[in-house]
Amino acid sequence: MKVIKFGGSSLASGEKLQKVHQLLAEDLSRKIVVVSAPGKRFAGDAKVTDLLIDCATKRLLQEDTEAIFAKIIHRYRDIALDSDMDLAIIEEIEKDLTLLLAADTNDPDVFMDKIKASGEDNNAKLVAAYLRHQGLEATYVNPKDAGLFVTAEHANAQVLPESYRNLYKLREQPGIIVFPGFFGYTKAGEIVTFSRSGSDITGAILANGIQADLYENFTDVDAVYTVNPNIVKDPEQINELTYQEMRELSYAGFSVFHDEALIPAFKAGIPVHIKNTNNPFSEGTKIVKQRLGSSRPVTGIASDGGFCSIFISKYLMNREIGFGRKILQILEAHHLNFEHMPSGIDNLTILLRENQLTATLEQTLITDLETELKPDSIHIQHQISLIMVVGEEMRQNVGITARAAKALSGSCVNIEMLNQGSSEVSIMFGVSEEQEERAVQALYEEFFVQVLK
Ligand code: ASP
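Going by full-length UniProt numbering, the sequence shown opens with residue 1, and the numbers climb by one from there.
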């Protein structure tokens with residue numbers, strides 16, 4: 001039994017749905033189909049989820065929603081028309097969205113999540129109707145009815161463990177199950193979405209729940225690449241990587257697969273296969289628990305900008321018990337996530353995602369740190385990129401950091417920070433955002449091109 005998930009670009013038009021139908025018709029072990037909301041049809045097109053967010057925002061601001069509402073309905077209608085379907089399903093979707101928009105807006109987060117989730121929910125109804133129209137036995141299943149329960153953290157839900165037991169029962173249901181991605185319900189019956197791109201998470205939860213043999217994740221690229229193809233032209237594909245490597249890479253900027261989606265699959269030991277809907281014969285990328293050793297120490301290089309670092313220095317910091325706790329308490333009081341905290345004897349750096357800070361919050365944070373820690377100096381640096389060099393085999397290889405540092409210095413990249421976890425699956429380099437591309441190119445050249453020469 002397999003769970004198969006389709007991303008939004010794989011469901012954006014009638015033509016794409018034909019490919020989905022073909023994939024399901026040729027392999028009936030593809031039992032559960034998880035769908036995203038319709039995505040972009042071409043570069044510059046809008047994703048339905050983004051249109052829904054705009055629509056909900058307008059409603060919250062009491063602005064006119066008519067034009068954007070029509071645009072959303074048109075997206076579904078175009079798909080149904082392309083597929084020669086009965087338009088009754090579109091009337092149903094229109095009614096549903098009208099009702100949702102008329103709902104109470106007292107709690108904007110609750111309202112926003114309901115509207116966002118409708119993208120997937122209505123698309124699942126549409127895809128199920130389409131598959132039936134094509135002669136397959138297919139049923140839409142609502143996450144509440146299936147028992148997919150989550151925490152009440154809006155736009156950032158976490159699955160509740162009891163969901164897995166509930167979802168196991170789906171195995172008994174005949175035919176194909178079409179399941180909307182991206183959201184679940186609280187025990188009180190409220191819709192809550194996962195973070196953006198969270199349909200990958202739904203797929204992994206279902207794969208775990210039904211104890212699937214495989215979780216297939218269909219998207220619009222042939223594979224996971226060793227490096228971002230927007231930075232290096234035609235990089236190599238990765239055919240197999242471990243959960244840990246994928247988690248590190250997606251955390252650090254690889255957007256092919258949601259970094260939180262690996263945990264449910266990993267816990268149940270279910271392999272994940274990333275494939276291209278438009279090119280299903282290409283090998284794709286398999287994510288597995290263990291892979292046969294590779295001759296290469298590095299599997300991939302990821303990078304992401306938008307970080308800032310707070311550098312704190314104080315003489316004899318190493319002897320001051322509770323210094324770290326005080327910092328973490330201040331961060332917690334301001335609801336700030338930190339990403340890394342490399343430290344020296346008398347200094348420590350906190351790395352944060354910049355988008356969490358406003359100018360005022362930044363000022364308050366620095367003042368609180370100064371008051372509480374009485375450091376010799378403290379300063380914040382913006383626009384930092386983190387580069388992750390990832391590979392399980394690094395553990396067995398001597399000199400990887402030296403090679404990486406040499407490659408970076410050879411390209412005149414200034415390393416602002418360096419961090420290696422004890423798992424030795426990744427080495428992190430902090431560089432200024434403007435040097436990010438150059439740094440990634442230098443590292444790719446060192447670990448992937450030179451070995452071929
Ligand atoms: N439609 C949602 C988003 O755009 C979830 C998903 O596609 O996975 O974030």
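Backbone N, C-alpha and C define an ideal beta-carbon position, used for all residues, glycine too. A quick note: this is a predicted structure, and the numbers were derived from the prediction, not measured.
Out of curiosity, what's the CA-to-CA distance linking residue i and residue j?
i      : j      : result
Asn239 : Thr364 : 47 Å
Phe281 : Asp222 : 9 Å
Ile380 : Leu352 : 10 Å
Leu101 : Val141 : 22 Å
Asp121 : Pro180 : 5 Å
Arg75  : Gln18  : 17 Å
Lys71  : Ser197 : 21 Å
Thr57  : Ile93  : 20 Å
Leu97  : Val110 : 15 Å
Glu436 : Phe307 : 12 Å
Gly184 : Leu11  : 21 Å
Glu260 : Phe266 : 11 Å
Ser199 : Ile89  : 22 Å
Leu87  : Gln134 : 15 Å
His382 : Asp304 : 13 Å
Glu321 : Ser343 : For clarity, residue 321 is Ile in the given sequence; the question names Glu instead. Looking at the two C-alpha atoms, the distance is approximately 15 Å.
Val449 : Thr226 : 11 Å
Ile345 : Met417 : 15 Å
Could you name the residues of the same chain whose beta carbon sits closer than 8 Å to that of residue i, not counting the 5 residues immediately before and after it, in chain order?
i      : result
Ile330 : Leu365, Asp368, Leu369 and Glu372
Gln158 : Val150 and Thr151
Leu23  : Ile4, Arg30, Phe218, Thr277 and Pro280
His273 : Leu214, Tyr215, Glu216, Asn217, Gly284, Thr285, Lys286 and Ile287
Can you look up residue i in the DSSP assignment and give me helix, strand or coil?
i      : result
Glu23  : First, the residue type needs correcting, since residue 23 is Leu and not Glu in the sequence shown. Correct three-state label for Leu23: helix.
Glu437 : helix
Arg325 : helix
Met341 : coil
Ser409 : helix
Val256 : coil
Thr139 : strand
Ser195 : coil
Phe6   : strand
Pro264 : helix
Ser377 : strand
Asp304 : strand
Lys95  : helix
Ile270 : coil
Asn347 : strand
Arg247 : helix
Leu292 : coil
Arg132 : helix
Phe149 : strand
Lys275 : strand
His74  : helix
Pro229 : coil
Pro280 : coil
Val35  : strand
Leu418 : strand
Leu214 : strand
Ser309 : strand
Val48  : helix
Between residue i and the rest of its own chain, which residues show a CB-CB distance below 7 Å, the 5 nearest in sequence each way excluded?
i      : result
Leu292 : none
Thr25  : Reading off the sequence, residue 25 comes out as Ala, not Thr. These residues qualify, in order along the chain: Leu136.
Glu230 : According to the sequence provided, residue 230 is Asn. The question's Glu does not apply to it. There are no such residues.
Leu206 : Val3, Ile32, Val34, Leu167 and Phe179
Asp376 : Ser313, Lys314 and Tyr315
Arg132 : Ala138
Spatial neighbours of residue i within its chain, please: CB distance less than 6 Å, with the 5 preceding and 5 following residues excluded, ordered by chain position.
i           : result
Ala268      : Asn208
Ala155      : Thr193
Ala302      : Leu249, Ala252, Gly253, Phe254 and Met388
Thr350      : A small fix is needed here, since residue 350 is Ile in this sequence, not Thr. Here the set comprises Ile310, Phe338 and Met341.
Pro174      : none
Gln244      : Val425
Ala407      : Ala442, Leu443 and Glu446
Asp84       : none
residue 454 : Nothing in the structure corresponds to residue 454, since the chain is present only between 1 and 453.
Glu148      : According to the sequence provided, residue 148 is Leu. The question's Glu does not apply to it. Contacts found: Ser163 and Gly184.
Gly14       : Ile79, Asp82 and Ser83
Arg247      : Asp259 and Leu262
Is residue i buried or exposed, if buried means 16 or more other CB atoms sit within 10 Å of its CB?
i           : result
Asp113      : buried
Gly44       : exposed
Val298      : buried
Pro264      : buried
Phe6        : buried
Phe447      : buried
Ala103      : exposed
Ala359      : exposed
residue 527 : No answer is possible for residue 527: the residues shown for the chain start at 1 and end at 453.
Gly421      : exposed
Under the criterion of a Cβ to heavy atom distance below 7 Å, does residue i qualify as lining the ligand SAM?
i      : result
Asp200 : For the ligand SAM, the structure offers nothing, since it holds only the ligand ASP.
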